[in-house]
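These protein sequences, in sequence, are chains A and B. The numbering of the first sequence is the numbering used here, which starts it at 1 and goes up by one. The numbering of the second sequence is the numbering used here, which starts it at 1 and goes up by one. Notes follow once the structure below has been shown.
There are 2 protein chains.
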Amino acid sequence: MTAPLDLGVHALLGAYRDGTLTVRQTIEEVLKRIAQAGDDKVWISRAPDADLLAQADALDARRGEIGRLPLFGVPFAAKDNLDVAGMVTTAACPGFAYEAKTSAEVVQRLVDAGAIVIGKTNLDQFATGLVGVRSPYGVPRNPFDASYVPGGSSSGSAVAVSSGLVSFSLGTDTAGSGRVPAGFNNIVGLKPTPGLLSNEGMVPACRSLDCTSVFALSCADADAVLAVAAEPHTTPAIGKSFRFGILGTKDAEFFGDAAYATLYAQSIERLKALGGTPVEIDYAPFRDAAQLLYSGPWVAERTAAVGAFMESADDKSGVWPTTQQIVLGGRKYSAVDAFEGQYRLAELKARAFAEMKGLDFLAVPTAGTIYKLSDLEREPVLYNSHLGHYTNFVNFFGLSALAVPAGFRPDGMPFGITLIANANAERALLAFGARWQRAVPLPLGKTTSQLPPPERDPVVVEDRVPVAVVG
Amino acid sequence: MTAPLDLGVHALLGAYRDGTLTVRQTIEEVLKRIAQAGDDKVWISRAPDADLLAQADALDARRGEIGRLPLFGVPFAAKDNLDVAGMVTTAACPGFAYEAKTSAEVVQRLVDAGAIVIGKTNLDQFATGLVGVRSPYGVPRNPFDASYVPGGSSSGSAVAVSSGLVSFSLGTDTAGSGRVPAGFNNIVGLKPTPGLLSNEGMVPACRSLDCTSVFALSCADADAVLAVAAEPHTTPAIGKSFRFGILGTKDAEFFGDAAYATLYAQSIERLKALGGTPVEIDYAPFRDAAQLLYSGPWVAERTAAVGAFMESADDKSGVWPTTQQIVLGGRKYSAVDAFEGQYRLAELKARAFAEMKGLDFLAVPTAGTIYKLSDLEREPVLYNSHLGHYTNFVNFFGLSALAVPAGFRPDGMPFGITLIANANAERALLAFGARWQRAVPLPLGKTTSQLPPPERDPVVVEDRVPVAVVG
Numbered sequence: 001m002t003a004p005l006d007l008g009v010h011a012l013l014g015a016y017r018d019g020t021l022t023v024r025q026t027i028e029e030v031l032k033r034i035a036q037a038g039d040d041k042v043w044i045s046r047a048p049d050a051d052l053l054a055q056a057d058a059l060d061a062r063r064g065e066i067g068r069l070p071l072f073g074v075p076f077a078a079k080d081n082l083d084v085a086g087m088v089t090t091a092a093c094p095g096f097a098y099e100a101k102t103s104a105e106v107v108q109r110l111v112d113a114g115a116i117v118i119g120k121t122n123l124d125q126f127a128t129g130l131v132g133v134r135s136p137y138g139v140p141r142n143p144f145d146a147s148y149v150p151g152g153s154s155s156g157s158a159v160a161v162s163s164g165l166v167s168f169s170l171g172t173d174t175a176g177s178g179r180v181p182a183g184f185n186n187i188v189g190l191k192p193t194p195g196l197l198s199n200e201g202m203v204p205a206c207r208s209l210d211c212t213s214v215f216a217l218s219c220a221d222a223d224a225v226l227a228v229a230a231e232p233h234t235t236p237a238i239g240k241s242f243r244f245g246i247l248g249t250k251d252a253e254f255f256g257d258a259a260y261a262t263l264y265a266q267s268i269e270r271l272k273a274l275g276g277t278p279v280e281i282d283y284a285p286f287r288d289a290a291q292l293l294y295s296g297p298w299v300a301e302r303t304a305a306v307g308a309f310m311e312s313a314d315d316k317s318g319v320w321p322t323t324q325q326i327v328l329g330g331r332k333y334s335a336v337d338a339f340e341g342q343y344r345l346a347e348l349k350a351r352a353f354a355e356m357k358g359l360d361f362l363a364v365p366t367a368g369t370i371y372k373l374s375d376l377e378r379e380p381v382l383y384n385s386h387l388g389h390y391t392n393f394v395n396f397f398g399l400s401a402l403a404v405p406a407g408f409r410p411d412g413m414p415f416g417i418t419l420i421a422n423a424n425a426e427r428a429l430l431a432f433g434a435r436w437q438r439a440v441p442l443p444l445g446k447t448t449s450q451l452p453p454p455e456r457d458p459v460v461v462e463d464r465v466p467v468a469v470v471g
Numbered sequence: 001m002t003a004p005l006d007l008g009v010h011a012l013l014g015a016y017r018d019g020t021l022t023v024r025q026t027i028e029e030v031l032k033r034i035a036q037a038g039d040d041k042v043w044i045s046r047a048p049d050a051d052l053l054a055q056a057d058a059l060d061a062r063r064g065e066i067g068r069l070p071l072f073g074v075p076f077a078a079k080d081n082l083d084v085a086g087m088v089t090t091a092a093c094p095g096f097a098y099e100a101k102t103s104a105e106v107v108q109r110l111v112d113a114g115a116i117v118i119g120k121t122n123l124d125q126f127a128t129g130l131v132g133v134r135s136p137y138g139v140p141r142n143p144f145d146a147s148y149v150p151g152g153s154s155s156g157s158a159v160a161v162s163s164g165l166v167s168f169s170l171g172t173d174t175a176g177s178g179r180v181p182a183g184f185n186n187i188v189g190l191k192p193t194p195g196l197l198s199n200e201g202m203v204p205a206c207r208s209l210d211c212t213s214v215f216a217l218s219c220a221d222a223d224a225v226l227a228v229a230a231e232p233h234t235t236p237a238i239g240k241s242f243r244f245g246i247l248g249t250k251d252a253e254f255f256g257d258a259a260y261a262t263l264y265a266q267s268i269e270r271l272k273a274l275g276g277t278p279v280e281i282d283y284a285p286f287r288d289a290a291q292l293l294y295s296g297p298w299v300a301e302r303t304a305a306v307g308a309f310m311e312s313a314d315d316k317s318g319v320w321p322t323t324q325q326i327v328l329g330g331r332k333y334s335a336v337d338a339f340e341g342q343y344r345l346a347e348l349k350a351r352a353f354a355e356m357k358g359l360d361f362l363a364v365p366t367a368g369t370i371y372k373l374s375d376l377e378r379e380p381v382l383y384n385s386h387l388g389h390y391t392n393f394v395n396f397f398g399l400s401a402l403a404v405p406a407g408f409r410p411d412g413m414p415f416g417i418t419l420i421a422n423a424n425a426e427r428a429l430l431a432f433g434a435r436w437q438r439a440v441p442l443p444l445g446k447t448t449s450q451l452p453p454p455e456r457d458p459v460v461v462e463d464r465v466p467v468a469v470v471g
């Protein structure tokens with residue numbers, strides 16, 4: 001092959017089916033790229049090379065079964081708060097480390113479908129953060145500019161996909177950890193409806209809000225992973241003509257980033273060109289719910305998850321100071337605060353759902369701006385909370401969301417938008433996202449990969465169902 | 001009329017339709033009975049007689065509209081934690097009293113359908129208790145024996161129906177307050193699925209668990225009220241052949257009451273005679289969830305509701321000492337406790353639902369025993385908690401429940417069973433309950449009322465749908 005190997009899920013599967021590629025060749029290429037990437041701080045641990053090559057050979061020997069192994073020979077990475085049998089889970093805290101005896105349910109489903117776990121990826125410790133800098137294992141290198149944050153908490157998983165080290169990766173998303181790093185790495189981040197993917201085998205962050213999430217280069221690839229990770233399901237499609245919610249001038253917040261503001265405005269125009277009618281929403285209930293997450297009693301869920309560990313941890317355990325401060329901050333809330341927070345949330349949810357009524361989705365910036373590592377050193381907490389402005393409310397409200405690439409700033413840093421829809425709408429979002437990726441051609445991550453052929457796109461139900469076209 | 005007026009909902013409606021009765025006659029009879037009952041401690045406040053007679057006359061003048069007023073001229077009582085416009089709401093605490101400007105949504109729906117609010121009924125203060133003795137307004141008189149508790153917290157509403165003072169009444173049910181007093185008064189207590197009836201205009205007890213409930217003499221009457229109080233809905237019927245969960249020997253707890261144990265065993269035999277196959281369940285997850293309510297962080301919901309009031313209340317406010325102790329006890333729980341309680345509950349719910357799988361309903365004693373007032377003076381907290389043994393878990397799990405009369409002890413005190421089914425099964429339970437009431441003929445409450453004619457029973461869907469009969 002003269003062109004570099006395209007690690008996209010569908011590209012790989014196509015080459016395997018055509019007989020032009022072996023799994024061993026893929027794994028050798030992955031190992032070469034990882035070696036070339038050097039000290040990129042993506043990995044906390046890796047499966048031994050010899051094991052990976054043995055797995056590849058074993059799969060190559062099962063070529064005849066390719067038809068019933070939908071992720072045959074597809075290399076992926078798992079965030080290191082998800083268990084992989086025989087590997088150590090750290091949640092980015094060395095003192096917390098344990099060897100997992102069984103794999104997280106979602107990991108196991110993928111492996112059973114023929115996918116290969118390359119390694120466990122770096123994250124904001126205990127999945128607390130949206131920046132990707134809160135880890136004793138270093139800051140995963142943003143492939144667009146290493147002076148910028150990679151986004152978190154699923155930092156390593158996003159960089160691994162964007163840098164072309166793996167075909168896809170698993171993240172987790174409590175407050176935006178599966179979306180913000182997708183936006184900052186020019187890739188697709190699917191955060192399914194809470195509960196759709198199993199959380200069995202995940203180190204909890206906020207147990208009532210945690211979701212397993214998927215990073216991929218294309219919506220078609222993410223859909224192929226979802227089809228294995230979750231029970232089969234369909235969702236009502238988004239039609240050729242659709243309505244989408246947008247932020248009005250008073251609600252749009254870019255924290256001074258004029259380029260991101262312009263890119264958001266362009267994205268709205270592009271959605272209109274795709275058949276959409278924008279509807280300005282009142283963002284207040286969404287914003288207020290987002291603020292509840294970091295300034296309200298839900299912090300106590302983080303305390304419930306790892307507070308006792310942190311209180312007994314010694315200096316050698318590698319507890320990250322900002323994370324410790326946040327996690328133990330949950331001790332100050334009472335049960336009365338917790339229930340009153342839940343009442344408040346229910347009110348906000350009712351108002352938010354009224355705003356979303358009749359809309360196919362909301363289109364918001366994935367993040368209002370991106371920060372440099374040096375900015376975070378100055379403002380480790382405030383700037384982190386800015387990154388959650390458009391993400392925090394989504395799991396509170398039980399919604400599905402899809403982060404997609406949407407252009408670049410003049411300085412080359414990527415911008416993304418997130419499409420947010422009702423519960424159980426992820427397949428509709430992926431189908432629409434595939435349309436978006438074809439209509440708005442952009443590089444995939446920081447790779448030379450190409451979009452899969454259109455016939456591999458997620459089922460676009462509206463192509464087969466008559467839809468009333470408005471206007 | 002020589003026979004006493006039958007105040008049952010369907011009896012009244014039939015007489016109005018036949019033209020043999022006016023609403024004025026009904027109200028005059030109600031006022032006479034209330035006067036005869038004397039100092040029964042049922043009422044905290046009453047609509048003025050003159051107002052009631054004026055309402056009666058106004059309805060009689062609208063006789064032509066009887067067809068579109070499904071509760072035309074039906075007198076009812078509302079528990080005094082539900083707002084009735086123009087009347088004072090006390091929640092059985094004089095210092096908490098306020099005049100309601102609008103009626104609770106459920107009250108308003110009933111009034112709009114032609115029903116008449118006779119008054120506001122006594123309760124365990126702030127709906128905290130299952131005994132009916134925790135009120136500065138006295139203990140509503142159990143019509144079977146005044147030395148026994150009436151059950152609570154909806155004590156006055158249950159006694160009002162059982163004593164034939166009104167046709168039906170509204171209660172509320174957080175932990176069993178709409179079922180225990182039904183059992184102790186030989187009447188029907190319907191606790192719908194949480195959220196089916198509006199809680200708008202209710203003084204909260206535990207906001208995440210509170211339900212508006214209905215007391216009536218028959219399932220047919222309760223169904224007629226439900227049809228007005230809730231949006232129309234249907235539920236899959238319980239067939240001629242059905243499976244019901246029962247307590248095994250190790251789980252059956254009657255607190256030493258051998259007569260109640262015998263009556264429970266008889267009820268199982270009667271359910272078998274109706275076509276049921278009993279299935280012994282493991283009661284542990286239900287019992288453990290029940291214990292969470294009184295010994296766990298949900299007490300903080302009571303603190304959230306009225307804790308601040310109680311802390312600022314003075315000696316004259318009439319705060320009940322036991323209630324105050326319980327409500328302020330919620331301050332000791334942390335937000336971590338609250339979230340951990342919710343995780344624990346989710347585990348118990350999953351186990352309980354596995355036990356309920358394939359069953360049409362559980363049949364449990366409404367209460368394991370009944371206590372005398374003198375018992376409660378000795379053990380105000382422990383004996384109260386005994387009464388919640390079979391009721392506390394139901395709203396935690398989001399289920400529907402129907403308490404029905406099931407016989408009498410040799411000393412004449414009533415025994416009841418409660419049928420507990422999945423969410424949104426209340427109409428199926430009512431239809432089955434109507435079959436039960438015909439098959440197990442018992443007096444209705446402490447009245448001379450008769451069951452409505454069978455054609456007035458809740459729609460028995462299984463009569464119209466082919467059902468596979470097992471065995």
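A virtual CB, placed ideally from N, CA and C, is assigned to each residue, including glycine.
Item to complete: Give the straight-line distance between the Cα atoms of residue 120 of chain B and residue 260 of chain B, rounded to the nearest whole angstrom.
Response: In the second sequence, the residue the question calls residue 120 of chain B occupies position 120. In the second sequence, the residue the question calls residue 260 of chain B occupies position 260. In a straight line, the C-alpha of residue 120 of chain B is about 32 Å away from that of residue 260 of chain B.
Worksheet item: Does the separation of the CB atoms of residue 338 of chain B and residue 300 of chain B fall below 8 Å?
Response: Taking the second sequence and counting its residues from 1, the one referred to as residue 338 of chain B is at position 338. Taking the second sequence and counting its residues from 1, the one referred to as residue 300 of chain B is at position 300. Contact: yes.
Practice prompt. Could you check what DSSP says for residue 454 of chain B in three-state terms: helix, strand or coil?
Written response: Working through the second sequence from its first residue, we reach residue 454 of chain B at position 454. In the structure shown, residue 454 of chain B sits in a helix (DSSP, three-state: H, G or I).
Discussion item. Using beta carbons (cut-off 8 Å, strictly below), is residue 230 of chain A in contact with chain D?
Written reply: Looking at the structure shown, chain D is missing, and the protein chains on hand are A and B.
Practice prompt. Give a yes or no on whether the C-beta atoms belonging to residue 538 of chain B and residue 158 of chain B are separated by under 8 Å.
Written response: No information on residue 538 of chain B is available, as it lies outside the stretch 1 to 471 that chain B covers here.
Discussion item. Distance check for residue 433 of chain A and residue 448 of chain A, CA to CA, integer angstroms please.
Written reply: As a working mapping, residue 448 of chain A is identified with position 448 in the first sequence. As a working mapping, residue 433 of chain A is identified with position 433 in the first sequence. Rounded to the nearest whole angstrom, the C-alpha separation of residue 448 of chain A and residue 433 of chain A is 20 Å.
Worksheet item: Once you ignore the five residues that flank residue 402 of chain A on each side, which residues in its own chain have a CB closer than 6 Å to its CB?
Response: For the purposes of this step, residue 402 of chain A is identified with residue 402 of the first sequence, where counting begins at 1. Cβ contact annotation for residue 402 of chain A (same chain, cutoff 6 Å, sequence separation greater than five): 190, 419, 429 and 433, in chain order.
Practice prompt. Just grab the DSSP bridge partners of residue 171 of chain A for me.
Written response: Within the first sequence, numbered from 1, the residue matching residue 171 of chain A stands at position 171. A:213, per the DSSP bridge assignment.
Practice prompt. Just grab the DSSP bridge partners of residue 119 of chain B for me.
Written response: Along the second sequence, one-based indexing puts residue 119 of chain B at 119. B:46 and B:77.
Worksheet item: Listed in chain order, which residues of the region 175–207 of chain A have Cβ atoms closer than 7 Å to some Cβ of chain B?
Response: Within the region 175–207 of chain A, the residues whose Cβ lies closer than 7 Å to some Cβ of chain B are 207, listed in chain order.
Item to complete: Sort out for me which residues DSSP pairs residue 244 of chain A with in a bridge.
Response: Mapped onto the first sequence, residue 244 of chain A falls at position 244. Paired residue(s): A:278 and A:361.
Item to complete: Report the partner residues of residue 89 of chain B according to the DSSP bridge assignment.
Response: For the purposes of this step, residue 89 of chain B is taken as the residue at position 89 of the second sequence. In DSSP, residue 89 of chain B forms a bridge with B:98.
Worksheet entry | Euclidean distance between Cα positions of residue 319 of chain B and residue 328 of chain B | Here residue 319 of chain B corresponds to residue number 319 of the second sequence, with the count starting at 1. Here residue 328 of chain B corresponds to residue number 328 of the second sequence, with the count starting at 1. Whole-angstrom Cα-Cα distance: 12 Å.
Worksheet item: residue 4 of chain A CB to nearest chain B CB: under 8 Å?
Response: Numbered from its first residue, the first sequence carries residue 4 of chain A at position 4. With 8 Å as the cut-off, residue 4 of chain A does not count as an interface residue toward chain B.
Item to complete: Step through the CB atoms of chain B and report whether any lies within less than 8 Å of the CB of residue 294 of chain A.
Response: Position 294 of the first sequence holds residue 294 of chain A. Chain B places no beta carbon closer than 8 Å to that of residue 294 of chain A, leaving this residue out of the contacts.
Worksheet item: Which of the residues in the region 302–319 of chain B, read from start to end, lie with their CB under 8 Å from any CB of chain A?
Response: Here the close residues are 303, 304 and 307.
Fill in: C-beta atoms of residue 267 of chain A and residue 417 of chain A nearer than 8 Å
Taking the first residue of the first sequence as position 1, residue 267 of chain A is located at position 267. Taking the first residue of the first sequence as position 1, residue 417 of chain A is located at position 417. Yes, the Cβ-Cβ distance between residue 267 of chain A and residue 417 of chain A is below 8 Å.
Worksheet entry | Reduced DSSP secondary structure (H/G/I, E/B, other) of residue 405 of chain A | To locate residue 405 of chain A, count along the first sequence from 1; it is residue 405. Residue 405 of chain A falls in the strand class under three-state DSSP.
Discussion item. Any beta carbon from chain B within less than 8 Å of residue 98 of chain A's own beta carbon?
Written reply: Here the question's residue 98 of chain A lines up with position 98 in the first sequence. With 8 Å as the cut-off, residue 98 of chain A does not count as an interface residue toward chain B.
Practice prompt. For residue 286 of chain A, I'd like the list of residues in its chain whose CB is within less than 6 Å of its CB, leaving aside the five on either flank, ordered along the chain.
Written response: Start at 1 with the first residue of the first sequence, and residue 286 of chain A comes out as number 286. Take residue 286 of chain A, set aside five residues on each side of it, and the residues of its chain with a beta-carbon closer than 6 Å to its own are 352 and 393, in chain order.
Worksheet item: If we cut at 8 Å on Cβ distances, does residue 8 of chain B have a partner in chain A?
Response: Here the question's residue 8 of chain B lines up with position 8 in the second sequence. With respect to chain A, the C-beta atom of residue 8 of chain B has no partner C-beta closer than 8 Å.
Worksheet entry | Secondary structure of residue 148 of chain A, DSSP reduced to three states | To locate residue 148 of chain A, count along the first sequence from 1; it is residue 148. Residue state, collapsed to three classes: strand.
Worksheet item: Whose Cβ in chain A lies nearer than 7 Å to the Cβ of residue 337 of chain B?
Response: Here residue 337 of chain B refers to the residue found at position 337 when the second sequence is read from its first residue. Under the 7 Å cutoff, chain A gives 335.
Item to complete: Between the Cα of residue 219 of chain A and those of A:3, A:4 and A:426, spot the shortest distance and give me the residue it belongs to.
Response: Translated into the one-based positions of the first sequence, residue 219 of chain A becomes position 219. Per the Cα distances, A:426.
Worksheet item: chain B partners of residue 325 of chain A, CB-CB under 7 Å?
Response: Translated into the one-based positions of the first sequence, residue 325 of chain A becomes position 325. Residue 325 of chain A does not reach chain B, its nearest Cβ partner there being about 16 Å away, counting only Cβ pairs nearer than 7 Å.
Discussion item. Going by beta-carbon coordinates alone, are residue 216 of chain B and residue 187 of chain B separated by less than 8 Å?
Written reply: For this step, residue 216 of chain B is matched to residue 216 along the second sequence. For this step, residue 187 of chain B is matched to residue 187 along the second sequence. Contact: yes.
Discussion item. So that I know if they touch, is there some Cβ in chain B lying closer than 8 Å to that of residue 331 of chain A?
Written reply: Reading the first sequence from its first residue, position 331 is the one you call residue 331 of chain A. At least one chain B Cβ lies under 8 Å of residue 331 of chain A.
Practice prompt. Name, please, each residue of chain B whose Cβ falls closer than 8 Å to the Cβ of residue 340 of chain A.
Written response: Residue mapping note: residue 340 of chain A aligns to position 340 of the first sequence, counting from 1. Neighbours of residue 340 of chain A in chain B, taken as residues whose beta carbon is under 8 Å from its own, are 304 in chain order.
Worksheet item: List, in order along the chain, the chain B residues whose C-beta lies closer than 8 Å to that of residue 300 of chain A?
Response: Mapped onto the first sequence, residue 300 of chain A falls at position 300. Within 8 Å Cβ-Cβ: 334, 335, 336, 338 and 339.
Discussion item. Would residue 343 of chain B pass as an interface residue toward chain A - the criterion being a Cβ-Cβ separation below 8 Å?
Written reply: Taking the first residue of the second sequence as position 1, residue 343 of chain B is located at position 343. Between residue 343 of chain B and chain A, the shortest Cβ-Cβ separation is below 8 Å.
Fill in: Collapsed DSSP secondary structure at residue 71 of chain A in the structure displayed
One-based indexing of the first sequence puts residue 71 of chain A at position 71. In the structure shown, the three-state DSSP call for residue 71 of chain A is coil.
Worksheet entry | Contacts around residue 80 of chain A, its chain only, beta-carbon distance under 8 Å, and the 5 residues preceding and following it disregarded | Working through the first sequence from its first residue, we reach residue 80 of chain A at position 80. Here the set comprises 44, 45, 89, 90, 91, 92, 120, 121, 122, 123 and 156.
Worksheet entry | Option nearest residue 381 of chain A by Cα separation, candidates A:86, A:288 and A:326 | Position 381 of the first sequence holds residue 381 of chain A. Closest option to residue 381 of chain A, Cα to Cα, is A:326.
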